[in-house]
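Reading through the structure tokens given below for one structure.
2 protein chains.
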Amino acid sequence: MGGDRGPEIVATAAIEAAKSDASDLDIVLVGDRKSIGTVLGRERSIPPNIEIIHASEAVDMAEAPASAIRKKKDSSIGVALRMLKERRVDAIVSAGNTGAVVAGSLVTVGRLHGVSRPAIAMFFPTVKGWVVVLDIGANSTCTAKNLLQFGIMGSVYAKYHLGVNEPRVGLLNIGEERSKGTDIVKEAYNLLENGHLNFVGNVEGRDIFEDVVDVVVCDGFVGNILLKFGESIVSFTSNVLREEIKKSLSAKIGATLMKGVFRSFRSRLDYAEYGGAPLLGVNGVVIISHGKSTVLAIRNAINMARRLVTYDVNKHIEERFMETAGQIAKVS
Amino acid sequence: MGGDRGPEIVATAAIEAAKSDASDLDIVLVGDRKSIGTVLGRERSIPPNIEIIHASEAVDMAEAPASAIRKKKDSSIGVALRMLKERRVDAIVSAGNTGAVVAGSLVTVGRLHGVSRPAIAMFFPTVKGWVVVLDIGANSTCTAKNLLQFGIMGSVYAKYHLGVNEPRVGLLNIGEERSKGTDIVKEAYNLLENGHLNFVGNVEGRDIFEDVVDVVVCDGFVGNILLKFGESIVSFTSNVLREEIKKSLSAKIGATLMKGVFRSFRSRLDYAEYGGAPLLGVNGVVIISHGKSTVLAIRNAINMARRLVTYDVNKHIEERFMETAGQIAKVS
Chain A
1 MGGDRGPEIV ATAAIEAAKS DASDLDIVLV GDRKSIGTVL GRERSIPPNI
51 EIIHASEAVD MAEAPASAIR KKKDSSIGVA LRMLKERRVD AIVSAGNTGA
101 VVAGSLVTVG RLHGVSRPAI AMFFPTVKGW VVVLDIGANS TCTAKNLLQF
151 GIMGSVYAKY HLGVNEPRVG LLNIGEERSK GTDIVKEAYN LLENGHLNFV
201 GNVEGRDIFE DVVDVVVCDG FVGNILLKFG ESIVSFTSNV LREEIKKSLS
251 AKIGATLMKG VFRSFRSRLD YAEYGGAPLL GVNGVVIISH GKSTVLAIRN
301 AINMARRLVT YDVNKHIEER FMETAGQIAK VS
Chain B
1 MGGDRGPEIV ATAAIEAAKS DASDLDIVLV GDRKSIGTVL GRERSIPPNI
51 EIIHASEAVD MAEAPASAIR KKKDSSIGVA LRMLKERRVD AIVSAGNTGA
101 VVAGSLVTVG RLHGVSRPAI AMFFPTVKGW VVVLDIGANS TCTAKNLLQF
151 GIMGSVYAKY HLGVNEPRVG LLNIGEERSK GTDIVKEAYN LLENGHLNFV
201 GNVEGRDIFE DVVDVVVCDG FVGNILLKFG ESIVSFTSNV LREEIKKSLS
251 AKIGATLMKG VFRSFRSRLD YAEYGGAPLL GVNGVVIISH GKSTVLAIRN
301 AINMARRLVT YDVNKHIEER FMETAGQIAK VS
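For the record, the sequence lines run as chains A and B. Residue 1 is where the first sequence starts when you use my numbering, and the numbers rise one by one after that. Residue 1 is where the second sequence starts when you use my numbering, and the numbers rise one by one after that.
What follows is the structure, encoded as structure tokens:
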């Protein structure tokens, strides 16, 4: 029911996914049966691997997350999370209120063994491909131990989702030297260095695009600001280019010849290309999609959910935490 | 003596500035007399309004700031700051070790009356022009009161430097609602709201390019990461475009026709266009330039210094702090 455009986009994407991947996906649409039914009603045929589960309430995009989860027991997010907890589904995807998904996940499915704080992991574009940045919004303030755990979870995620063997992990900071930054990041540097990771040290803002690391660790405050800044680059640069192109006839002709280039440019810089961001560290696969998601973005989010289930990323995260339990216990 | 390319760039820029602005500028080059002399020796004529003051030491770019300032009494930064303190100069410009300039300024010239923490203010490009972001690196951690003071200083700076009458001030946060973010930014929201500023509330990462505000308030950790991320946009987007252009002949032709557009694009997105960033809140005009500054950037920094002196921005900051002294005292 969430997202800035309600069930329309999500249901359409689900139908497309169910049709094209009929062999191995069963999709449950959780929300207002009538609204979803309207979308499905427009289809010539409803694939058999799609099902509606009614939820009488919906969490508003602007609603305070914790109280919404507490009060609206029958919200689409709440019902979907209970289904996940009972393993009636393997994963959930939501384009709804991010805070409510995070709060609801903590309350309903809980955390993986050993995890103090779940984190939202997002792909940022780089010159070569993608880099995982976490946390991008689940935690405004973090301890050094939280940051260590983000490094571990991000590393496992990059390994299984991007297929990178020993993912390079960097700590986002204001300088390369270990003496830089806040007390918390300085402590996190020490923990990450001893965290049995391929830790390459501090990375700066300029390194994010540069394929210097596969995983960037930061708190959710910095990560969220950076994400939204980054997401706005395409529209900003396109506006500037458009204005400059207007000023000259030859540039206008040049721009016409470069149409395909600009299309590729936009798609390579599209943060939503991956379609969603997993909430890592909770006991189930939870994918958070942008409120402004397109049908393609939701389809990609569904694929992401499938990959996380297929590769059993959560099991690997728990194993990794068990291995380093001694190390983590030391600092907790 | 600072900057990644030593006195070469700085001395060249100083000569150009002294020549072109001979009417009202007297420039003192502080540093190793011999190195500076070599640069000056290449000139056909040395303008009379340029002078060398010898400093036998130089702070290295990677040196620990506080101890460098303490130990190297005769460093170029140290000597220049003493000249500023004694008002033998009206302003200093340095492309050297930023931390050393900040630490040295605090020790030597001290703070303006009422200021708890100075902040470095940097111009970021927007769709319409520029926005002042502060702090971009003087303080890794900040209190709510520090953030309020940054708002006041940034507002005065934008008024006199950008010529904006009632500068719109925004607080960088992870959502629009006042309930968002860390405890410190929530408290800062309340202070800024009551700070006799044109405070427009929280701004998010995506608002920075959008000409929503004239001043963005944040701590130096977030600000520095954002600045370096932003500075890397031009090279990243250029790389992506270049790769895509290579793939097609018509795009190559188009790109040739668009050469002028790409030049304007780069210059409009050039964070160094303004040439420097003032350290606001210290008792003297101190401009910090990028270690990678070009001759043009240093010349712009010299112009910035001149403007801050001409408009007596520091006097206006002090007046503004006196006016709101009651309000600030309440929270200290």
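Note that the Cβ used here is the ideal one computed from N, Cα and C, for glycine as well.
Cβ-based neighbour list, residue i, same chain, cut-off 7 Å, excluding 5 preceding and 5 following
i	result
Arg320/B	Ile152, Val156
His113/B	Glu318, Phe321
Asn146/B	Ser116, Arg117, Asn139
Gly195/B	Leu148, Gly151, Ile152, Thr324, Gln327
Glu193/B	Phe199
Arg33/B	Ile52, His54
Check whether residue i and residue j have beta carbons under 9 Å apart
i	j	result
Leu339/B	Val169/B	This structure gives no information on residue 339/B, because the portion of chain B shown stretches from 1 to 332.
Pro7/A	Gly31/A	yes
Asp24/A	Arg242/A	no
Val309/B	Val285/B	yes
Leu29/B	Ile9/B	no
Gly154/B	Asn283/B	no
Thr98/A	Gly137/A	yes
Phe209/B	Ser232/A	yes
Ala144/B	Glu204/B	no
Leu280/A	Asp214/A	no
Ile302/A	Val101/A	no
Leu81/B	Gly96/B	no
Tyr189/A	Arg206/A	no
Ile46/A	Asp26/A	no
Ser57/A	Ser75/A	Looking at the sequence provided, one finds Glu at residue 57/A rather than Ser. In contact: Glu57/A and Ser75/A (Cβ atoms closer than 9 Å).
Val216/A	Val133/A	yes
Asp211/B	Thr126/B	yes
Exposed unless 16 or more other CB atoms sit within 10 angstroms - verdict on residue i
i	result
Pro48/A	exposed
Glu323/B	exposed
Thr38/B	exposed
Ala18/B	buried
Gly276/B	buried
Asn314/B	buried
Lys72/B	buried
Ser332/B	Unreliable positioning characterises Ser332/B in this predicted model, as indicated by a pLDDT of 48, which lies under 50. A coordinate reading is not provided.
Lys159/B	buried
Gly129/A	exposed
Asp4/B	exposed
Asn165/B	exposed
Ser94/A	buried
Ala55/A	buried
Ala62/B	exposed
Ser264/B	buried
Asn300/A	buried
Residue(s) in a DSSP beta bridge with residue i
i	result
Glu210/A	Paired residues: none, contrary to the question.
Asn202/B	Leu171/B
Pro125/A	Trp130/A
Leu296/B	Per DSSP, none; premise fails for Leu296/B.
Thr119/A	Correcting the residue type first, residue 119/A is Ala in the shown sequence and not Thr. Looking at the DSSP assignment, Ala119/A forms a beta bridge with Leu280/A.
Arg111/B	Val282/B
His54/B	Gly31/B
Ser20/A	Note: Ser20/A sits in no beta bridge, so no partner.
Ile288/A	Ser94/A, Ala277/A
Val215/A	Val132/A, Val169/A
Proximity test, Cβ basis, 9 Å: residue i and chain E
i	result
Phe265/A	Structure shown: chain E not included; protein chains present are A and B.
6 Å Cβ shell around residue i - same chain, five flanking residues per side excluded
i	result
Asp312/B	none
Lys180/B	Asn173, Ile174
His290/B	Ala272
Asn202/B	Leu171, Asn173, Glu176
Ala255/B	Ile245
Same chain only: Cβ atoms within 8 Å of residue i, ignoring 5 sequence neighbours per side
i	result
Ala14/B	Ile27, Leu29, Ile50, Ile298, Ile302
Asp60/B	Ala68, Asn97
* Cβ contact (3+ pairs, closer than 8 Å) linking the region 81-88 of chain B and the region 288-299 of chain B -> no
* Three or more C-beta pairs below 8 Å linking the region 213-230 of chain A and the region 167-181 of chain B -> yes
* Asked: Counting Cβ pairs closer than 8 Å, one from the region 254-273 of chain A and one from the region 244-257 of chain B, do we hit at least three?
  -> yes
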